[in-house]
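Protein chains: 2
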Amino acid sequence: MFHRWRLSDLAITIRDVAKEAGVSVATVSRVINDSGYAHEDTRKVVLEAVNKLNYKPNEVARSLFKRKSKLIGLILPDITNPFFPALARGVEDYLQKEGYRVIFGNSDEQLEKEMDYVDTFKQNNVVGIIASINETDSEMLSELSIPLVLLDRTIEALPSVYADQEQGGRLAAEKVLERGSKEITIVRGPKNVKNVYQRFEASYEVLKEAGVKVNILDSNLSFNGAKERAIELFQKYPQTDGVLACNDIVGVAILNEAQRIGKRIPEDVQVIGFDDISISELVYPGLSTIHQPAYEMGAKAAEILIKKINQEKLLNIHYKLAVSFVERKSTRKIGK
Amino acid sequence: MFHRWRLSDLAITIRDVAKEAGVSVATVSRVINDSGYAHEDTRKVVLEAVNKLNYKPNEVARSLFKRKSKLIGLILPDITNPFFPALARGVEDYLQKEGYRVIFGNSDEQLEKEMDYVDTFKQNNVVGIIASINETDSEMLSELSIPLVLLDRTIEALPSVYADQEQGGRLAAEKVLERGSKEITIVRGPKNVKNVYQRFEASYEVLKEAGVKVNILDSNLSFNGAKERAIELFQKYPQTDGVLACNDIVGVAILNEAQRIGKRIPEDVQVIGFDDISISELVYPGLSTIHQPAYEMGAKAAEILIKKINQEKLLNIHYKLAVSFVERKSTRKIGK
DNA sequence: TTGAAAGCGCTAACAA
DNA sequence: TTGTTAGCGCTTTCAA
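In order, the protein sequence lines correspond to chains A and B. For the first sequence, the positions run 1 to 336 when the numbering used here is used. For the second sequence, the positions run 1001 to 1336 when the numbering used here is used.
If you want it as structure tokens, here you go:
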């Protein structure tokens, strides 16, 4: 026989409610889930008991039985990079109001961490996953039995929500060009982050076609080293009069460095960022950039995921959002 | 009798492992948990079966039985505010390597959301909570039976990890003073966010004591409206030659506006922020600020929480981290 | 319209 | 050293 002292503050269970209401646990279950029959009178009694005891169903027990929780896994590369919080917030706000909670993890773009999270998500009966992970990594997830939507990334095999990187890259290039830059340096993000690389390629193509001089500088996407990259840029390519940054962090760093060494923005050098993180509007002299609708992307990914969870058989959807050029003070007024 | 078709992709259970290894589920449980006896030979057989089947225990079942999960709840006001991601990352990194996962939620400083999250955390058998919530709200949590540590906030009744706000406020005031500002405007954060208000009070006291002219302007802490506040500042108090901002976001906005209207930084006006978010180093001309060790705070909160969970009877600890002045280009060199 | 009971996957008490 | 089994709190089948 098995015995255990009850902890002093044991939570109210469905049993307690049943006893209080003078009905069986099955009946309580039926009324709180609105499943099956329940006489109006019993319903009322049960609901009263629920209220009186402030009963909250144990989600773990539910989850065990139904093999489905109200939990959703979210994997983002690095919440510390200001682009991702907006994504996360979009996801969380949508999920929250649908009654789901999110288990969150940073992957640092590392396959191992991604897989580790996916494993523990499964172990916790998560009903869906939203992940911002790389192409090669995500292919291993294609056969995952639980609904997954890719966010800010896309591959053929999986539903995804992302912004049009090529359009963004092109746009950035066109805008500097229109505004008269003649020697343009592209600060290129890491090749393994495919979407970031796509921006580069699109920009590069437009610039090349225009016959303008173009330099390429490699950089990563985080705060780490952005300053050094900016310094390097003007040392290596002092004639640069236009910069296309792989993201706004790098863009801001370049704005800083340019001004520090006495270049006028935008007269001497124009800078265009990418992402449109909140701070870009606030820095001096205002960073022109390519706006990605991050919050909307997050919310949309959540929406699609919920639909998949609810079995709405939408095909393998690839939801591509448009980006736009946000003109601020780091680029010249057109025609000047 | 009860019957259900097995879903095609049912996960491996302990039963499958037991069968594969030719032992009972109890034995499997013992070896994977390293609890109770197990002959070395059986151990090996079981472990082989585990590997062969790639068995991962169902955490939900575990959680139901033990009334304890490997989940920890994290409540932060708004992940979109750059101060909080650093906190979150500190928490997540520590917890992750201890084998815990985090359920995350934004509260927007709203009691209702906070309580809602706490409820669902409980429903999910979370073993601990880290929360950045307000004094009045957190008092309702004092009797919570599950371990909780306050992060970036503090009250007497609960363990907490936070940075020394008074020191920070004082430091900021002393530094502008030392550097010669004569009319200082303090941009004050919302009164209901106690730590932010403490900064203000400490600064104010120092400034008053110094007999310098001080103006006060109210602001919130988010990107929202920061620009307008900055504009208002120089309209209302055009003689301002020193600004103490409630946080770096506001600080950056002020830097921007000051330069936009032709003020030289730091000659005409000095600006000191608060937080030392990553971007502050990158903006032009570099925002001097009060550094809060956000990442460390998050990690420390996680560490303390884990200790509490493991019953290490540390008292009701209040862990106060020191802040420091980070001198960049928005303040003058001392003595000039 | 209701209740009894099985069982989700696991751990731990107890017997063997 | 190992196996049998109760039971964590819930939902659902089935019988009443």
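Note that CB positions come from ideal geometry on N, CA and C, so glycine has one too. Keep in mind the model is a prediction, meaning the values are calculated, not measured.
Taking all protein chains shown into account, R199(A) has 16 or more neighbouring C-beta atoms within 10 Å of its C-beta and is therefore buried.
In this model, N195(A) and E1201(B) are separated by some 47 Å (Cα to Cα). For N58(A), no alpha helix (DSSP H) encloses it, and the DSSP letter there is neither H nor E. Counting along the chain, the unbroken beta strand (DSSP E) around D1218(B) starts and ends at 1213-1218. The Cβ-Cβ distance between L10(A) and L1064(B) does not fall below 8 Å. Cα atoms of D248(A) and F84(A): separation of roughly 13 Å, rounded to the nearest angstrom.
Residues I1334 of the same chain have their beta carbon placed closer than 7 Å to that of E1178(B), with the five preceding and five following residues left out of the count. Annotation: K175(A) to K1097(B) spans about 46 Å, alpha carbon to alpha carbon. Closer than 8 Å to the CB of F1223(B) there is at least one CB belonging to chain A.
The three-state reading of DSSP puts Y319(A) in strand, counting E and B together. Around the beta carbon of M140(A), fewer than 16 other beta carbons lie within 10 angstroms, which makes this residue exposed.
Contact annotation, T1154(B) with T1240(B): C-beta distance approximately 32 Å; criterion of less than 8 Å not satisfied.
Neighbours of L255(A) in chain B, taken as residues at a C-beta separation under 7 Å, are given in chain order as Y1284. Contacts with chain A at 8 Å (Cβ-Cβ) include V1060(B). By the criterion of a C-beta distance shorter than 6 Å, V161(A) is surrounded in its chain by L151, M297, K300, A301, Y319, once the five residues flanking it on both sides are discounted. Note that the segment 1011-1026 of chain B does not touch the segment 305-319 of chain A; fewer than 3 beta-carbon pairs, one per stretch, sit closer than 8 Å. At least one C-beta of chain A is nearer than 8 Å to the C-beta of D1119(B). Here the C-alpha atom of S181(A) lies approximately 46 Å from the C-alpha atom of I103(A). Counting only runs of at least 4 residues, the segment 1132-1185 of chain B fully encloses the following alpha helix (DSSP H) elements, listed from N- to C-terminal order: 1135-1139, 1165-1178. Residue contact check for Q259(A) against chain B: a CB pair falls below 8 Å. At a cut-off of 8 Å between beta carbons, P1077(B) makes no contact with chain A.
Across the structure, D1268(B) and I265(A) are spaced so that their CA atoms are roughly 21 Å apart. The continuous beta strand (DSSP E) containing N1106(B) extends over residues 1101-1106. Against chain A, a Cβ distance below 8 Å from F1325(B) picks out nothing, because the smallest value is about 20 Å. G73(A): not part of any alpha helix (DSSP H); member of the beta strand (DSSP E) spanning 71-76, first to last residue. If you check each beta-carbon in the segment 176-201 of chain A against every beta-carbon of chain B, none falls closer than 9 Å. Under a 10 Å Cβ-count criterion, R1067(B) is classified as exposed, with fewer than 16 other Cβ atoms of the shown protein chains found around its own Cβ. With respect to the 8 Å criterion, A49(A) and V25(A) are not classified as neighbours on the basis of their beta carbons.
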